[in-house]
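Going by our numbering, the sequence shown opens with residue 46, and the numbers climb by one from there. A virtual CB, placed ideally from N, CA and C, is assigned to each residue, including glycine. Since the structure is predicted, the reported quantities are computational estimates derived from the model, not experimental observations. Okay, so here's the structure we're looking at.
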Amino acid sequence: MEPVASAPMLSGMVMDDDSRTDSRGKASTLREAHARLLRLAFEREQQDASLRESEQRFRAAFDSAPIGMALVASDGSFLQVNHALCRMLGYEVDELLALTFQDITHPDDLSADLKLVQQVLDGEIETYHLEKRYIHRDGRLVWILLTVALVRDRQGQPLYFISQIQDNTGAKVAETALRESEARLARILETVDDPIVIFNVEGRLVMANEEAELTLGLNRQVNLGRRYEDLGWSLTRPDGSPLPIPERPIATVFRTRTRVRQFEARFDVAGRYIDCLLNATPLLTDDGTFDG
Numbered sequence: 046m047e048p049v050a051s052a053p054m055l056s057g058m059v060m061d062d063d064s065r066t067d068s069r070g071k072a073s074t075l076r077e078a079h080a081r082l083l084r085l086a087f088e089r090e091q092q093d094a095s096l097r098e099s100e101q102r103f104r105a106a107f108d109s110a111p112i113g114m115a116l117v118a119s120d121g122s123f124l125q126v127n128h129a130l131c132r133m134l135g136y137e138v139d140e141l142l143a144l145t146f147q148d149i150t151h152p153d154d155l156s157a158d159l160k161l162v163q164q165v166l167d168g169e170i171e172t173y174h175l176e177k178r179y180i181h182r183d184g185r186l187v188w189i190l191l192t193v194a195l196v197r198d199r200q201g202q203p204l205y206f207i208s209q210i211q212d213n214t215g216a217k218v219a220e221t222a223l224r225e226s227e228a229r230l231a232r233i234l235e236t237v238d239d240p241i242v243i244f245n246v247e248g249r250l251v252m253a254n255e256e257a258e259l260t261l262g263l264n265r266q267v268n269l270g271r272r273y274e275d276l277g278w279s280l281t282r283p284d285g286s287p288l289p290i291p292e293r294p295i296a297t298v299f300r301t302r303t304r305v306r307q308f309e310a311r312f313d314v315a316g317r318y319i320d321c322l323l324n325a326t327p328l329l330t331d332d333g334t335f336d337g
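Printed below as a string of structure tokens:
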């Protein structure tokens, strides 16, 4: 027998309608999943871009802030500092980053600061404000106003403190100078043989020397803060006729802002008459504003 030639054969699977529908459904599902992944990737990219932009804005504001700014670890070490803080304290950036806030805080102010830090870490308070002294690189003291807040992660764990530091040295020096000036004035007044009383812009007694207490019977401890109308002085004209409060020198000064010189009057101090010449002078600030 001669071999029988075999015709070419085509093999394959015959798909019914249900199989074709299932295949198309899987393909559609894959396309949708792929599309979702693309959208998520795009959204993540947008979020990352927004985060980078936000970080850049924060960094720019941090670096260019006119007051001192610092990011501080919970142990007190500096993580970031801006140029204003470096200028305030006389350090280069890398020098300050090698220190802790404990290193540059005046020893007498450190305990109060550390107590507040611990209260923030414990969640007792969210922020705190403190006036304290830093030590400049050259050793001089820098008075500052400090504001501190704590940044935590999503689990509530501390990340770092944000500190705002404002130089308050000028105001503190002026405050000290004012106190010293007032103390000098008080000492000078005590050496004067005439009674002297000083009223503020509201007409309230703020200072009186010892002679005013001895001669006029003015109890300084009791009367400080009282208005001049309420001091209870029995004051008349030299002939004993009444001298109404609005006509008295101190009232004239407050009404007219002008000086009254050599005003003749008589004090009645517990039945003891004292004839005197009163002088009342307005106190003016450097710009001419009435101050008492």
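DSSP-derived helix/strand/coil call for residue i
| i | result |
| --- | --- |
| residue 109 | helix |
| residue 118 | coil |
| residue 309 | strand |
| residue 169 | coil |
| residue 321 | strand |
| residue 53 | Residue placement at residue 53 is poorly supported in this model, since its pLDDT is 43, which falls under 50; the coordinates are not used for a value here. |
| residue 303 | coil |
| residue 104 | helix |
| residue 288 | coil |
| residue 130 | helix |
| residue 157 | helix |
| residue 140 | helix |
| residue 342 | Any answer about residue 342 is impossible in this case: the structure gives the chain only from 46 up to 337. |
| residue 297 | helix |
| residue 328 | coil |
Burial state of residue i (16 or more Cβ within 10 Å)
| i | result |
| --- | --- |
| residue 270 | exposed |
| residue 152 | exposed |
| residue 335 | exposed |
| residue 324 | exposed |
| residue 264 | exposed |
| residue 46 | Reliability fails at residue 46, whose pLDDT of 41 lies under 50, so the model's placement of it is uncertain and the value that follows must be treated cautiously. Flag for residue 46 reads exposed. |
| residue 136 | buried |
| residue 218 | exposed |
| residue 333 | exposed |
| residue 328 | exposed |
| residue 280 | buried |
| residue 242 | buried |
Straight-line Cα distance separating residue j from residue i
| i | j | result |
| --- | --- | --- |
| residue 240 | residue 253 | 8 Å |
| residue 238 | residue 256 | 6 Å |
| residue 286 | residue 278 | 15 Å |
| residue 215 | residue 154 | 19 Å |
| residue 198 | residue 207 | 14 Å |
| residue 250 | residue 268 | 7 Å |
| residue 108 | residue 202 | 26 Å |
| residue 248 | residue 210 | 38 Å |
| residue 306 | residue 296 | 13 Å |
| residue 125 | residue 149 | 15 Å |
| residue 179 | residue 221 | 17 Å |
| residue 205 | residue 299 | 56 Å |
| residue 122 | residue 225 | 38 Å |
| residue 192 | residue 276 | 44 Å |
| residue 315 | residue 258 | 13 Å |
| residue 290 | residue 320 | 17 Å |
| residue 331 | residue 227 | 16 Å |
| residue 213 | residue 133 | 11 Å |
| residue 312 | residue 223 | 34 Å |
| residue 143 | residue 117 | 12 Å |
| residue 138 | residue 127 | 8 Å |
| residue 190 | residue 236 | 39 Å |
| residue 111 | residue 183 | 22 Å |
| residue 293 | residue 233 | 26 Å |
| residue 309 | residue 261 | 15 Å |
| residue 163 | residue 105 | 30 Å |
| residue 30 | residue 196 | What is shown of the chain runs 46 to 337, which leaves residue 30 out entirely. |
| residue 114 | residue 337 | 41 Å |
Any non-hydrogen atom of the ligand NAD within 7 Å of residue i CB
| i | result |
| --- | --- |
| residue 244 | This structure simply doesn't include the ligand NAD, nor any ligand for that matter. |
Residue ranges of each alpha helix (DSSP H) within the stretch 198 to 276, 4 or longer | 214 to 236, 255 to 261 and 265 to 268, all fully within the stretch 198 to 276.
Report yes or no: do the stretch 175 to 183 and the stretch 154 to 166 share at least 3 C-beta pairs separated by less than 8 Å?
-> Output reads yes: the stretch 154 to 166 touches the stretch 175 to 183.
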